[in-house]
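Report on one structure; see the data block that follows.
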Amino acid sequence: MKKLLFAATLAFFAMVTAAHSSETLKLLTWKGYAPQQLVEKFEQETGIKVELTYSNNEEMIAKLRATRGAGFDLAQPSQDRISSVQAQYKLYQPLDYSKINSEQLITSMLEAVKKNTKVEGASYAVPFCYGTSGLIVNTKLAPEAKDYTALLDKAYTGRISYRLKRPTLIALAFAGGDDPFAKYDDPKAYKELMDGVGAKMIEAKPYVKNYWSNGDALLEMVRSGEVTVAMGWDNGGWKLHAENSDIDFIAPKSGALGWIDTFAIPAKAKNVEAAYKWINFILKPENAAVFTNAEKYATASKGAAAHLDAEVRDNINRSFTEADIDNIKWYPPVSAKIEQIEGKILDTVKAAQ
Amino acid sequence: MKNHIRLSLYIFLTPVLLWLLLLIVIPHIELLIMSLKGTDDLGDPVWTLANYRHFFTEQIYWYTFVRTAVYAMLTTVLTFVVTFPVAFYITKVVSVRLSGFLTIVLLMPFWVSELVRVYGWMILLRESGVINHLLISSGLMNTPIEMLYNDISMMMGLVYTSMLFMAVPLISSLEGMDDSIIEAAHDLGASPPTIFCKIIIPYAAPGITSGSIVVFMLALGNYLTPTLMGGKNSLWFTEQIYNEFIASFNWNQGAAFGFLLLALSSIIIWAGLKLTRQELGRALS
Chain A
1 MKKLLFAATL AFFAMVTAAH SSETLKLLTW KGYAPQQLVE KFEQETGIKV ELTYSNNEEM
61 IAKLRATRGA GFDLAQPSQD RISSVQAQYK LYQPLDYSKI NSEQLITSML EAVKKNTKVE
121 GASYAVPFCY GTSGLIVNTK LAPEAKDYTA LLDKAYTGRI SYRLKRPTLI ALAFAGGDDP
181 FAKYDDPKAY KELMDGVGAK MIEAKPYVKN YWSNGDALLE MVRSGEVTVA MGWDNGGWKL
241 HAENSDIDFI APKSGALGWI DTFAIPAKAK NVEAAYKWIN FILKPENAAV FTNAEKYATA
301 SKGAAAHLDA EVRDNINRSF TEADIDNIKW YPPVSAKIEQ IEGKILDTVK AAQ
Chain B
354 MKNHIRLSLY IFLTPVLLWL LLLIVIPHIE LLIMSLKGTD DLGDPVWTLA NYRHFFTEQI
414 YWYTFVRTAV YAMLTTVLTF VVTFPVAFYI TKVVSVRLSG FLTIVLLMPF WVSELVRVYG
474 WMILLRESGV INHLLISSGL MNTPIEMLYN DISMMMGLVY TSMLFMAVPL ISSLEGMDDS
534 IIEAAHDLGA SPPTIFCKII IPYAAPGITS GSIVVFMLAL GNYLTPTLMG GKNSLWFTEQ
594 IYNEFIASFN WNQGAAFGFL LLALSSIIIW AGLKLTRQEL GRALS
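Same order as they appear, the protein sequences are chains A and B. At position 268 of the first sequence (counting the first as 1) the number is 268 in the numbering used here, and the numbers step up by one without a gap. At position 153 of the second sequence (counting the first as 1) the number is 506 in the numbering used here, and the numbers step up by one without a gap.
Written out as structure tokens, the structure is:
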């Protein structure tokens, strides 16, 4: 018995030391944000092992909230979802911007993110990549789909798909001629506006095929022609365009919704140094270009454009005119109250028969 | 000697008690506390029953629960109807050797995770899927139809994912049944329906009860199948809890819903046991 105990203790210590001998970086991110090629390159350059966990904005916040900011060294929330959760739950630690190689970043974007994530004098995020939500359309089967209103159009019955999440509500509010962002500070007016949007969605529910929740599943449905009008991210439309030139991303008339995903360091991160190393590594122009060429999202890296494939550069010019770019609605920071209003409306839409 | 037995009892009991306490009791207490908290108008945390009140005052919440419970009951009944002939066939009709083989065949799909099985069904049923392809290429149909994303496909998925949990208790209770009882009833002139209602069902009742409880709870607490196969109309109560926690950041409300699910499903099972005059202890033994 004693021998067994001894052996077990020994094995335990061996395991503990083995875990310590190689440094790790625990990265909480979106699918595709850390391409295998770059992970391997980073491991080679620094000797730090990268552990990836895929998530989305809502789950990222829930995960970090459950552990009060522990368990991960680096997270990638969208810039509009940082300040309110930071003020309420203290999930992140202030960034030390002197450790970030800001020369390789687009200055205006860095300043905008700093401003939007400022809580009590400190800022919490560095921009990584940006993109827009708009329409992914099969232009042959749905040539008239130019704005979000196509998502409510009877003409496309059984061929419509969108996410039952806040971007859809906001998009349809813009399509109705309102400016939901201007009502963020007035929950009562915001609720009134969104109740109206919800009612329209319920009315048009019979035309919807399904509410997608997985980006790959959506692309599969558009690819097979089951869906002809969908609300989705620009890179998805561009990926499909490369396979079938009928399908493309279209910047809606009432404005594509612009988001910026960032890097933020959780409050109880264990390996903060590795986190800064990863941020500086992936935003190097040549590395950022590898990411953009694979995922089609543009990054905040200043010199990356020079390393891009011609096809990737064409995407933006094809989908966005100069006016479309000026018309992009960038998400302002969102408060918890707003999200509760939206949550209830989305539930009502889902439950409606 | 007596001391010795007591010592080993403690040694074996400790892990079980620790497991119960650390992984079940303590998290539930934390959830309970969370569900009783809320914020007042100024945003300060206070003790309140508002989270529970919301469930009853907001139509959408209890509507979702009622819908979920009704569908879970329907799933239980359908699962029994589908599974009983299978279990009867395996235990009473085929030879012992073949019955073992058939049981294994029945178990086999469950070696794969539920997610994979549900995706398998989606590949079969979707508009550009296998079944539509076969129907069109054989000339039976001209245009593909969407078989996914409705209540029927969702029910089918739920029945399929919970079949095993009905089959195993049914098989084990029918196995213990002496064939000569059925033969005797037959010799005495009972018709097959009478034999089924008066002999087989009462004998298999404990198996039916335990299978039904498990299937009902699994269907009620299922999240994957309704979300993936039910699509746009399938707001399930578990999804509501998920939404409260994840999408609305309202953990207090989500915790209250969790407890309401626990309480209401316990009441439904208790009522079911009373109505059919079954005892929980007998069903689980």
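Each residue gets a CB set at the ideal place from its N, CA and C atoms; glycine is no exception.
Minimum Cβ-Cβ distance from residue i to chain A less than 7 Å
i, result
"B:E480", "yes"
"B:A425", "no"
"B:F610", "no"
"B:L617", "no"
"B:Q601", "A small correction: the amino acid at residue 601 of chain B is Ser; Gln does not occupy that position in the sequence shown. It does: the Cβ of B:S601 has a partner Cβ on chain A nearer than 7 Å."
"B:I413", "yes"
"B:N596", "yes"
"B:T578", "no"
"B:Y502", "yes"
"B:G510", "no"
"B:L488", "no"
"B:G583", "no"
"B:L360", "no"
"B:L588", "yes"
"B:T428", "no"
"B:T432", "no"
Pair within 7 Å by beta-carbon distance, residue i and residue j
i, j, result
"B:T456", "B:M519", "no"
"A:P332", "A:F181", "yes"
"A:F249", "A:S319", "yes"
"A:V50", "A:A142", "no"
"B:A557", "B:S525", "no"
"A:A125", "A:V137", "no"
"A:A298", "A:L105", "no"
"A:L52", "A:N271", "no"
"A:P376", "A:L257", "Outside the shown range of chain A (1 to 353) lies residue 376 of chain A, about which nothing can therefore be said."
"A:E59", "B:I599", "yes"
"A:P206", "A:L135", "no"
Any non-hydrogen atom of the ligand ATP closer than 6 Å to residue i Cβ
i, result
"B:A425", "Absence of the ligand ATP is noted for the structure shown, with no ligands found whatsoever."
7 Å Cβ cutoff, residue i in contact with chain B
i, result
"A:E144", "no"
"A:G69", "no"
"A:Y92", "no"
"A:G236", "no"
"A:E58", "yes"
"A:S335", "no"
"A:E192", "no"
"A:A62", "yes"
"A:D246", "no"
"A:N210", "yes"
"A:T157", "no"
"A:M1", "Because the pLDDT at A:M1 is just 47, under 50, the model does not fix this residue reliably, and the value given afterwards should be weighed accordingly. So no, A:M1 is outside the interface."
"A:G343", "yes"
"A:E339", "yes"
"A:S133", "no"
"A:A34", "no"
"A:A150", "no"
"A:A298", "no"
Close-in-space but distant-in-sequence residues of the same chain around residue i (CB under 7 Å, 5 per side omitted)
i, result
"A:K99", "Y276"
"B:I554", "none"
"A:A87", "V119"
"A:L164", "Y211, L346, V349 and K350"
"B:M387", "W604, N605 and A608"
"A:I341", "P187, Y190, K191 and M194"
Residues of its chain near residue i, where Cβ-Cβ distance is below 6 Å and the 5 sequence neighbours each way are ignored
i, result
"A:G158", "K209"
"A:L283", "Q104 and S301"
"A:M201", "V349"
Neighbourhood of residue i by C-beta distance below 8 Å, restricted to the same chain and skipping five residues each side
i, result
"A:Y354", "As shown, chain A starts at 1 and ends at 353. That puts residue 354 of chain A outside it, with no answer to give."
"A:S21", "Its pLDDT being 49, under 50, A:S21 is placed unreliably by the model, and nothing is read from it."
Counting pairs of beta carbons, one from the stretch 410-425 of chain B and one from the stretch 576-595 of chain B, are three or more of them closer than 8 Å? yes
Mind pulling the alpha helix (DSSP H) runs of 4 or more residues that sit fully within the stretch 243-292 of chain A? 272-282
Within the chosen definition, does the stretch 58-69 of chain A reach the stretch 234-248 of chain A through at least 3 CB pairs nearer than 8 Å? Cβ pair count under 8 Å is below three, so no.
List in chain order: all unbroken alpha helix (DSSP H) runs of 4+ residues lying wholly within the stretch 408-490 of chain B. 412-441, 449-460, 467-478 and 483-490
Three CB pairs or more closer than 8 Å across the stretch 493-501 of chain B and the stretch 532-550 of chain B: no
Quick check for students: name the residue ranges of the alpha helix (DSSP H) that lie wholly in the stretch 498-586 of chain B, counting only runs of 4 or more. 504-528, 532-540, 545-548 and 554-573
Should the stretch 612-625 of chain B be regarded as contacting the stretch 546-553 of chain B, the criterion being three or more beta carbon pairs within less than 8 Å? no
Taking contact to mean at least 3 C-beta pairs separated by less than 8 Å, is the stretch 308-316 of chain A in contact with the stretch 290-300 of chain A? yes
Could you name each continuous alpha helix (DSSP H) segment of 4 residues or more that falls completely within the stretch 170-252 of chain A, going from the start of the chain to the end? 187-203, 215-223 and 234-243
The stretch 365-391 of chain B: which residues have C-beta closer than 7 Å to a C-beta of chain E, in chain order? The chain labelled as chain E is not found among the protein chains of the depicted structure, namely A and B.
Report the residue ranges of all alpha helix (DSSP H) runs contained in full by the stretch 41-69 of chain A; include only those spanning at least 4 residues, in chain order. 57-66
May I ask you to verify whether the stretch 592-602 of chain B touches the stretch 506-515 of chain B, counting CB pairs closer than 8 Å and requiring at least 3? no
Report yes or no: do three or more beta-carbon pairs, one from the stretch 404-411 of chain B and one from the stretch 482-490 of chain B, lie closer than 8 Å? no
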